[in-house]
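Positions 1 to 383 (full-length UniProt numbering) are the ones given, in order, by the sequence shown.
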Amino acid sequence: MAIMNKISRICIVMLLAVLLLPVESSAQSRRDKEQTYVLEQPYEVTKITPPQGKKIKNVILMIGDGMSLMHVYSAWTANRGKLFLDNCQAVGLSKTYCADKLITDSGAGGTAIATGRKTNYHSVGVDTQGRPLKSLVDLAAAKGKSTGIAVTCRLWDATPADFCCHNKDRDAEAEIVADYVNCSVDYVFGGGAKLFENREDGRDLFKELRDKGFQTPRSWDELAGIKSGKVFAVPYPVDTPLPAERGDLLARASLKGIELLDRNKNGFFMMIEGSQLDDYGHFNDLDLLMQETHDFDRTIGAIYEWAAKDGETLVVVTADHETGGLTLIDGDLAEGRIVCKFSTGGHSGVMVPVYAFGPGAEEFTGIFENTAIFDKIKKLLDL
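(1) Can Leu249 and Phe232 be called in contact, C-beta distance under 8 Å?
(2) For Trp76 and Asp171, I'd like the C-alpha separation in whole angstroms.
(3) Can you look up Lys47 in the DSSP assignment and give me helix, strand or coil?
(4) Go ahead and pull the three-state DSSP assignment for His294.
(5) Give, in chain order, every unbroken run of the alpha helix (DSSP H) that is at least 4 residues long and sits entirely within the segment 223-264.
(6) Classify Cys153 as helix, strand or coil using the three-state DSSP reduction.
(7) Excluding the 5 residues flanking Leu380 on each side, which residues of the same chain have their C-beta closer than 6 Å to its C-beta?
(8) Considering only DSSP beta bridges, list what Met62 is partnered with.
(9) With a threshold of 6 Å on Cβ separation, who are the neighbours of Phe268 within its own chain once the five nearest residues in sequence on each side are excluded?
(10) For a test of the three-state rule: what should DSSP assign to Val177, helix, strand or coil?
(11) Just to confirm before moving on: does the CB-CB distance between Leu136 and Val126 stay below 8 Å?
(12) Spell out the partners DSSP gives Asp330 in its beta bridges.
(13) If the criterion is Cβ atoms closer than 8 Å, does the pair Asp65 and Leu326 meet it?
(14) Along the beta strand (DSSP E) that carries Val72, what are the first and last residues, could you check?
(15) Would you mind giving the Cβ-Cβ distance between Ala114 and Phe163, rounded to the nearest angstrom? I have them listed as a contact below 8 Å.
(16) Which residues in the same chain as Arg154 place their Cβ atom closer than 6 Å to its Cβ, once the five residues preceding and following it in sequence are excluded?
(17) Here's the rule I'm using: 16 or more other beta-carbon atoms within 10 Å means buried, otherwise exposed. How should Val23 be labelled?
(18) Under DSSP, the alpha helix (DSSP H) around Thr111 begins and ends at which residues?
(19) What's the gap between the Cα of Thr318 and the Cα of Ser275?
(20) Taking only the alpha-carbon atoms, compute the straight-line gap between Asp297 and Gly324 and give it to the nearest angstrom.
(21) Rounded C-beta distance between Ile149 and Val185? I'm assuming under 8 Å.
(22) Do you know how far the Cα of Phe196 is from the Cα of Ala178?
(23) Less than 6 Å between C-beta atoms, sequence neighbours within five positions excluded: which residues of the same chain meet that for Thr365?
(24) Where does Leu16 land, buried or exposed, given buried means 16+ other C-beta within 10 angstroms?
(25) Near Ile258, which residues of its chain fall below 7 Å by C-beta distance, leaving aside the five closest residues on each side in sequence?
(26) Look up Val185 in the DSSP assignment and give the residues it is bridged to.
(27) Please classify Val137: does DSSP put it in a helix, a strand, or coil?
(28) Output yes or no for whether 8 Å exceeds the beta carbon distance between Leu383 and Leu139.
(29) Can you tell me the Cβ-Cβ gap for Pro42 and Gly336, rounded? I've got them flagged as a contact below 8 Å.
(30) Tell me the residue span of the alpha helix (DSSP H) that contains Thr159.
(31) Under 8 Å between the Cβ atoms of Ile338 and Tyr121?
(32) Determine the closest residue to Phe283 out of Tyr236, Asn266, Phe342, Asn264, with distance taken between C-alpha atoms.
(33) Beta-carbon separation of Val350 and Leu61 under 8 Å?
(34) Can you grab the Cα-Cα spacing for the pair Ala99 / Lys47, in whole Å?
(35) Rounded to whole angstroms, what's the CA-CA distance from Glu363 to Ile103? Just pull it up for me.
(36) I want to check one thing, is the minimum distance from the CB of Leu260 to the heavy atoms of the ligand HEM below 7 Å?
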């Protein structure tokens with residue numbers, strides 16, 4: 001009987017291996033294969049002149065999740081040598097390793113940017129001992145500034161959570177979402193409604209947010225009609241739609257947040273994330289990756305234009321890490337054609353770029369730790 005049981009276990013293991021083999025082989029095949037992308041309709045890029053003043057009243061931090069120089073250069077090539085990002089005044093490089101691993105994730109990578117502390121892999125908003133850390137959102141609010149977040153992902157995802165939530169494990173999704181109720185944020189736009197209501201613990205987080213003075217619009221039309229006050233907008237059950245389906249939603253949601261936050265005479269801090277670059281890097285899907293990168297760049301253009309007119313806003317654009325090991329191996333600038341390969345379905349360890357536009361931009365040149373982005377913003381806003 002013991003021999004038969006052993007044989008049965010071996011058979012089950014072999015069957016599982018056979019069933020899983022096509023999935024792994026397919027993913028490996030996708031990584032090994034060259035992918036070609038052509039942007040059929042390139043978009044116009046205007047020259048945006050940075051303001052000349054020195055006063056910094058507001059900071060807008062934009063994070064392209066998983067975005068490396070290779071993503072940027074590939075997107076630049078596909079758009080025939082033009083990106084709104086090129087309007088930046090200063091460029092630096094950020095070292096992304098976390099406290100316990102060389103190759104970081106969005107939990108630890110985003111926490112370093114949000115709080116100025118390196119933490120363990122998969123942690124959000126806590127130190128290496130699991131103790132809550134104050135983020136730029138908390139510090140800006142304590143200084144009397146308004147604060148906001150706009151993302152294209154579910155709000156339990158690591159990057160937005162790094163600025164508002166606290167947990168040793170980014171996979172504790174229901175617990176993470178509940179932390180938003182006690183966050184010092186004034187404007188939130190993102191996905192993930194399914195964990196705010198109909199929860200296993202019986203809580204209705206939307207009701208709790210309304211009890212704290214938030215308006216909780218569940219569609220873009222509802223959000224667009226709001227003229228003042230605190231807003232927590234979650235129109236989608238999980239992530240926002242694909243780039244081609246949602247149009248300029250990230251730019252619209254970001255500018256709506258800025259419109260509301262800018263009513264504060266003390267200024268504001270806002271974090272905007274092009275979230276799904278990371279997903280499409282993990283999927284090794286060049287087409288969707290370029291769509292998301294170009295959407296993020298057009299959002300950058302909209303934010304740069306607003307900041308240029310405002311005159312007292314610093315815009316910092318960076319990434320938390322690289323995803324996919326993207327390599328541009330061929331292409332044609334005139335045709336907007338790129339040929340790329342991916343080396344991994346996970347993250348890689350390259351340094352990521354930091355771009356700055358507006359007053360204080362000169363502070364972001366050189367090579368520095370990802371925690372220094374927090375330090376520089378904290379200093380410039382006098383938090």
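The beta-carbon is built from N, C-alpha and C at its ideal position, and this holds for glycine as well.
Quick look at the numbers:
(1) No, the Cβ-Cβ distance between Leu249 and Phe232 is not below 8 Å.
(2) Between the alpha carbons of Trp76 and Asp171 lies a gap of roughly 34 Å.
(3) coil
(4) helix
(5) DSSP runs (the alpha helix (DSSP H)) wholly in the segment 223-264: 243-246, 249-261.
(6) strand
(7) Excluding positions up to five away in sequence, the list reads Ile56, Gly360.
(8) Ile272, Val317
(9) Asn58, Lys145, Ser146, Leu261
(10) Of the three classes helix, strand and coil, the one that applies to Val177 here is helix, per DSSP.
(11) Going by C-beta atoms, Leu136 is not nearer than 8 Å to Val126.
(12) Val339
(13) no
(14) Careful: Val72 lies outside any beta strand (DSSP E), inside the alpha helix (DSSP H) at 69-78.
(15) 5 Å
(16) Gly191, Gly192, Val238, Asp239
(17) Residue placement at Val23 cannot be trusted, given a pLDDT of 46 that sits under 50; what the coordinates show is reported in the next sentence. Val23 comes out exposed.
(18) 106-115
(19) 12 Å
(20) 19 Å
(21) 6 Å
(22) 8 Å
(23) The answer, listed in chain order, is Ala90, Gly92.
(24) No answer about Leu16 holds up, because its pLDDT of 43 lies below 50 and its placement is not dependable.
(25) Met270, Trp306
(26) DSSP lists no partner for Val185.
(27) In the structure shown, Val137 sits in a helix (DSSP, three-state: H, G or I).
(28) yes
(29) 6 Å
(30) 158-164
(31) Result no, Cβ atoms of Ile338 and Tyr121 do not sit closer than 8 Å.
(32) That would be Phe342, whose Cα lies nearest to the Cα of Phe283.
(33) no
(34) Spanning the two alpha carbons is a distance of roughly 40 Å.
(35) 26 Å
(36) As for the ligand HEM, it is missing from this structure, which has no ligand bound.
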